[in-house]
Amino acid sequence: MISVELLIFLIFVYVIFSNILLYSVFNKSLSVRDSLPWFFFLLIMIIVTFSNNLLVNISNYLGIEIVSNMLFFFGFLILIGISLFTTIYLSKQKNKINSLAQEIGILKKRIEELNVKRNNK
Amino acid sequence: MKALIIIPAYNEEFNILNTVNEIIKIKIKGINLDYIVINDGSKDLTKQVCIENNINFIDLPFNLGIGGAVQTGYKYALNNDYDIAIQFDGDTQHDSNYLELLIDELNKGNDLVIGSRFINDISRFKSTKSRRLAIMFLSLLIKILTGKTITDPTSGFRGANKNIIKLFSEYYPHDYPESETNTMVAKLKYNISEIPVNMHERKHGISSINSFKYLYFGIKVPLAILFTSIIYGGKR
């Protein structure tokens, strides 16, 4: 069982974390869709905190001797995963922004052509 | 028949006017030849030079890189129903005297025609030794993967008919796009042809490939050719 001091500290961290998430969603700076993995992450952290020996049981089951090693391993995997999906997302956004810039360039040209035509009439 | 010359320009304030002046001199029978300069977010006075000299140009809001700039030209060609689009560098490297030959070759039923420095030894300027080696390697890779011989796969002097204009408007890579798109066109079983052309050294400024980018070029382009060949392997 974790100490009361650590429990209070963790609850404090979760409250701040969830507040940042909720504020960003309400503020519309983070879409509900993009916030879901982070709410899921928060939920898992809360379950792990309040469940007795869950981590120990899992690490025993997987044959990992030290619990902290398992945490580092899964933490690393999750961060790599998030990083990969962020790269994919960024790449898609880059393509969309490029297309928009091209369209803006072509439309600016079209507007100038129409202006010249109108002035010549 | 309407043909459009696409001239991508990034920081070409000293070259762009010469390039355009060379092009407007060219008259080809039966061809309505237009040009469009794509100012790719230049930080120098390219835009001002275009405005002051009444050059026909599209002004991109920021720098997209060579691929994004050239694709803008293809989209413009598609929107305005051009029969032919020709890529022509804004840095005076390409020789406008070969435009007619390029268009003739397209009119023979080819979908994509590439101006090559390495056929018949016409071109005095053939790039550096290391770059020539890289080009030979890419050429060999394309030959193995598509069965098509392209002697100058990185040439930016290319002519495309309506099929290819549509294809390139839909997809065009951001950087070092020529080898990848040549592979795509070959894999889709379009007709590709090459003509011998002369190319010059740049008059002003530095080439877009510097020594720091060689490593990236060496890894990205062969990988892109390989992936393109897999992606477009069974299509069409």
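Here the protein sequences come in this chain order: P and U. Residue numbering for the first sequence follows this note's numbering, beginning at 1 and increasing consecutively. Residue numbering for the second sequence follows this note's numbering, beginning at 1001 and increasing consecutively. Cβ coordinates follow ideal geometry from the N, Cα and C atoms, glycine included.
Counting only Cβ pairs nearer than 7 Å, list the residues of chain U close to P/Gln93.
Ordered by position in chain U, no residue passes the 7 Å Cβ test against P/Gln93, which lies about 13 Å from the chain.
At the level of alpha carbons, what is the spacing between U/Asn1054 and P/Leu79?
Each residue's alpha carbon lies about 53 Å from the other.
Which runs of the beta strand (DSSP E), 3 residues or longer, sit entirely within the region 1122 to 1187 of chain U?
For the region 1122 to 1187 of chain U, whole beta strand (DSSP E) runs of length 3 or above, ordered along the chain, are 1158 to 1160.
Applying a beta-carbon distance threshold of less than 8 Å, which residues of chain U neighbour P/Gly105?
Those within 8 Å of P/Gly105 in chain U are Ile1038, Ile1058, Asp1059, Leu1060, Pro1061 and Thr1072.
Could you confirm whether any beta carbon from chain P is found closer than 9 Å to the beta carbon of U/His1174?
Yes, U/His1174 lies at the interface with chain P (some Cβ there is under 9 Å from its Cβ).
Taking only the alpha-carbon atoms, compute the straight-line gap between P/Ile16 and U/Tyr1076 and give it to the nearest angstrom.
P/Ile16 and U/Tyr1076 have their C-alpha atoms spaced approximately 51 Å apart.
Tell me U/Gln1087's beta-bridge partners as DSSP assigns them.
Beta-bridge pairing links U/Gln1087 to U/Ile1006 and U/Arg1158.
Would you kindly check if the distance between the Cβ of U/Ile1051 and the Cβ of U/Ile1007 is under 9 Å?
No. Outside cutoff.
C-alpha distance - U/Tyr1172 paired with U/Pro1153, whole-angstrom precision
Whole-angstrom Cα-Cα distance: 15 Å.
Any contact of the region 1070 to 1089 of chain U with the region 1134 to 1148 of chain U, i.e. 3+ C-beta pairs under 8 Å?
As far as the Cβ criterion goes, the region 1070 to 1089 of chain U does not touch the region 1134 to 1148 of chain U, which means the pair count is below three.
Should U/Leu1106 go down as buried or exposed, given a rule of 16 or more other Cβ atoms within 10 Å for buried?
It counts as buried.
Do you know how far the Cα of U/Gly1218 is from the Cα of P/Ile66?
Rounded to the nearest angstrom, the two C-alpha atoms are 44 Å apart.
For a contact defined as C-beta to C-beta under 8 Å, what are the partners of U/Leu1064 on chain P?
Residues of chain P passing the Cβ test: Asn98, Ala101 and Gln102.
Mind reading off the beta-carbon distance from U/Glu1194 to U/Ile1142? Whole number of angstroms is fine, and I expect it under 8 Å.
About 12 Å separates the Cβ atoms of U/Glu1194 and U/Ile1142, ruling out a contact at the 8 Å cut-off.
U/Ile1114 versus U/Thr1149 - alpha carbon distance
Separation of U/Ile1114 and U/Thr1149 (C-alpha to C-alpha, rounded to the nearest whole angstrom) is 11 Å.
Between which two residues does the alpha helix (DSSP H) harbouring U/Asp1111 extend?
Element bounds for U/Asp1111: n/a, residue is neither H nor E.
How is U/Tyr1232 classed by DSSP in three states: helix, strand or coil?
U/Tyr1232 falls in the coil class under three-state DSSP.
Which residues, in chain order, does the region 1071 to 1104 of chain U contribute to contact with chain P at a C-beta distance below 8 Å?
Listed by position along the chain: Gln1071, Thr1072, Lys1075, Tyr1076 and Asn1079.
CB U/Gln1048 to CB U/Glu1013, shorter than 9 Å?
In this structure, U/Gln1048 places its C-beta atom within 9 Å of the C-beta atom of U/Glu1013.
So, at 8 Å on beta carbons, what are the nonlocal neighbours of U/Ile1103 in its own chain, with the 5 sequence-adjacent residues on each side left out?
So the list reads Ala1003, Ile1028, Ile1031, Ile1084, Ile1086 and Gly1159, once near-sequence residues are dropped.
On the three-state DSSP scale, how would you describe U/Tyr1035?
U/Tyr1035 carries a strand assignment under DSSP once its states are collapsed to helix, strand and coil.
Taking U/Asn1015 and U/Thr1092 to be in contact with their CB atoms under 8 Å, please state how far apart those CB atoms are, rounded to whole angstroms.
U/Asn1015 to U/Thr1092, Cβ: 5 Å. Contact.
Considering only C-alpha positions, which residue in the set P/Leu10, P/Ser29, P/Asn120 and P/Leu114 is nearest to P/Leu42?
Cα-wise, what sits closest to P/Leu42 is P/Leu10.
Who are the Cβ neighbours of U/Ser1229 in its own chain at under 7 Å, not counting the five residues just before and after it?
Cβ-Cβ distances below 7 Å link U/Ser1229 to Leu1145, Thr1146, Thr1183 and Lys1187 in the same chain, with the five nearest sequence neighbours on each side left out; the list follows chain order.
Tell me the rounded alpha-carbon separation between P/Phe76 and P/Trp38.
Spanning the two alpha carbons is a distance of roughly 15 Å.
Could one say the Cβ of P/Asn117 lies closer than 9 Å to chain U's Cβ atoms, at least one of them?
Before going on, a small fix: residue 117 of chain P reads as Lys here, not Asn. No, no contact with chain U.
So what's P/Ile2 in DSSP terms, helix, strand or just coil?
Note: P/Ile2 maps to coil in three-state DSSP.
Uninterrupted alpha helix (DSSP H) stretches inside the region 4 to 79 of chain P (no shorter than 4 residues):
Listed in chain order, the complete alpha helix (DSSP H) runs (minimum 4 residues) inside the region 4 to 79 of chain P are 4 to 26, 32 to 50 and 54 to 62.
Terminal residues of the beta strand (DSSP E) in which U/Ile1119 lies
Where U/Ile1119 is concerned, there is no enclosing beta strand (DSSP E), given that its DSSP letter is neither H nor E.
May I ask you to list the residues that DSSP assigns as paired with U/Phe1057?
Answer is U/Val1037.
With DSSP collapsed to three states, give me the class of U/Ser1193.
It is a strand residue.
6 Å Cβ shell around U/Ile1122 - same chain, five flanking residues per side excluded:
Counting only Cβ-Cβ distances below 6 Å, and skipping sequence neighbours, we find Pro1196 and Asn1198.
Taking the CB atoms as reference points, tell me whether U/Leu1099 and U/Ile1026 lie closer together than 9 Å.
In terms of Cβ geometry, U/Leu1099 and U/Ile1026 form a close pair [threshold 9 Å].
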